[in-house]
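Chemist:
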């Protein structure tokens with residue numbers, strides 16, 4: 007089973023296409039990671055601001071989660087259209103999505119993690135993007151890195 | 010079709026297993042690169058020593074080539090045992106890193122993905138990725154399956 011990280015970008019779409027070509031018919035989970043409002047605030051250094059988080063945060067989170075669900079569904083539909091057997095999944099995680107992606111991969115026992123990379127048709131370490139970089143450096147399982155489209 | 014970079018290391022064996030698991034039954038070329046002895050000498054800084062640069066070492070080179078052929082054949086056998094349709098291939102590199110040659114052959118074969126272990130036999134270990142996997146990742150315009158030693 008593959009875990010495809012999907013954020014709706016062109017390189018994420020390229021990753022789905024490459025996975026489908028390479029592993030036709032494979033089971034796949036298309037995961038979109040989102041971050042709770044309170045975690046985003048904390049990351050932005052606003053952790054000490056009293057009182058604003060609770061209610062507003064819950065509304066934002068509903069919105070974020072719905073957005074992530076739409077995105078994951080879009081990714082799974084694209085994957086299924088290309089012959090994979092894909093299901094969408096969303097996961098809330100604080101901070102960088104890499105750790106969340108790795109956790110989900112471990113939880114599912116994925117055979118491989120599939121990631122798109124930024125970069126103009128070439129995968130440069132500098133252009134890999136922080137998520138793919140961190141996943142690569144910490145993954146204990148195979149990672150398929152897919153370069154984005156040339157005009158990315 | 011896959012191009013699997015194979016140097017006989019445990020990590021390279023893990024890469025074959027991972028490729029077979031991720032893309033069962035795929036057609037694969039198992040590639041082992043080798044370097045002429047004069048290149049190794051030059052790389053070791055012996056190029057200026059008493060006119061050694063440019064001196065050929067036909068016997069040693071023949072040995073290196075034979076070893077590469079044996080290693081590639083072993084890799085192809087492992088790959089076949091793991092269910093891939095594998096053929097062995099060797100190639101001579103004159104560069105410091107086999108990465109450009111791996112990419113060149115991947116382009117020639119128009120493979121769907123390059124499979125490479127993140128650690129190999131290289132003596133100098135990058136902090137995070139081996140130099141070959143880093144070099145391949147840095148310049149490939151096609152998907153790269155990176156396999157850590159712990160995978161498979």
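Chains as they are written, first to last, in the working numbering: chain P, 7 to 158; chain L, 10 to 161.
Yeah, the Cβ is synthetic: ideal placement off N, Cα and C, and Gly gets one too.
All figures in this text were calculated on a predicted structure; none of them were measured in a lab.
1) Taking the DSSP output, what are the residues bridged to residue 97/P?
2) Rounded to the nearest angstrom, how far is the Cβ of residue 163/P from that of residue 122/P, given a contact under 8 angstroms?
3) Which one or two residues does DSSP pair with residue 71/L in a beta bridge?
4) Grouping DSSP H, G and I as helix and E and B as strand, with all else coil, what is residue 67/P?
5) Do you know whose CA, among 147/P, 97/P, 80/P, lies nearest residue 42/P's CA?
6) Shorter than 7 angstroms from the beta carbon of residue 16/P to some beta carbon of chain L?
7) Under a Cβ-count criterion, where at least 16 other Cβ atoms within 10 Å of its own Cβ denotes burial, should residue 65/P be classed as buried or exposed?
8) Residue 159/P and residue 36/P look like a contact to me (Cβ under 8 angstroms); what is the Cβ gap, rounded to whole Å?
9) Could you name the residues that DSSP lists as bridge partners for residue 126/L?
10) For residue 72/P, I'd like the list of residues in its chain whose CB is within less than 7 angstroms of its CB, leaving aside the five on either flank, ordered along the chain.
11) Could you compute how far the alpha carbon of residue 80/L sits from the alpha carbon of residue 15/L?
12) Any residues in the stretch 95-121 of chain P with a beta carbon nearer than 9 angstroms to a beta carbon of chain L? Which ones, in chain order?
13) Is there contact between the stretch 109-124 of chain L and the stretch 89-97 of chain L, where contact requires at least three CB pairs shorter than 8 angstroms?
14) Less than 7 angstroms between the C-beta atoms of residue 25/P and residue 8/P, yes or no?
15) Taking C-alpha atoms, which residue in 30/L, 35/L, 127/L lies nearest to residue 18/L?
16) Taking DSSP as the reference, what is the three-state secondary structure of residue 98/L?
17) Starting from the N-terminal side, write out each stretch of the alpha helix (DSSP H) that is 4 residues or longer and does not extend beyond the stretch 13-54 of chain L.
18) Where does residue 71/L land, buried or exposed, given buried means 16+ other C-beta within 10 angstroms?
19) Figure out for me which residue from 28/L, 47/L, 69/L, 75/L has the closest Cα to the Cα of residue 39/L.
20) Thinking C-beta only, is residue 99/L closer than 7 angstroms to residue 78/L?
Modeler: Taking the coordinates as given:
1) Beta-bridge pairing links residue 97/P to 39/P.
2) What is shown of chain P runs 7 to 158, which leaves residue 163/P out entirely.
3) BP columns for residue 71/L are empty, so no partner.
4) Residue 67/P: helix per DSSP, three-state reduction.
5) Checked all of 147/P, 97/P, 80/P; the closest Cα to residue 42/P is 97/P.
6) At a cut-off of 7 angstroms, the C-beta of residue 16/P has no neighbouring C-beta in chain L.
7) With fewer than 16 other beta carbons inside 10 angstroms of its own, residue 65/P counts as exposed.
8) Any question about residue 159/P goes unanswered here, given that chain P covers just 7 to 158.
9) Residue 126/L has 156/L as its beta-bridge partners, per DSSP.
10) Within the same chain, and ignoring the five residues on either side of residue 72/P in sequence, no residue has its Cβ closer than 7 angstroms to its Cβ.
11) Each residue's alpha carbon lies about 8 angstroms from the other.
12) 117, 118, 120: these are the residues of the stretch 95-121 of chain P whose beta carbon lies less than 9 angstroms from some beta carbon of chain L, given in chain order.
13) Under the Cβ criterion (8 angstroms, minimum of three pairs), the stretch 109-124 of chain L does not count as touching the stretch 89-97 of chain L.
14) In this structure, residue 8/P lies closer than 7 angstroms to residue 25/P by Cβ.
15) Ranking the options by Cα distance to residue 18/L, first place goes to 127/L.
16) In the structure shown, the three-state DSSP call for residue 98/L is strand.
17) Fully enclosed alpha helix (DSSP H) runs of 4 or longer: 19-31, 46-52.
18) Looking at its Cβ environment, which holds fewer than 16 other Cβ atoms inside 10 Å, residue 71/L is exposed.
19) Of the candidates 28/L, 47/L, 69/L, 75/L, the one whose C-alpha sits nearest the C-alpha of residue 39/L is 28/L.
20) Yes, they are a contact pair.
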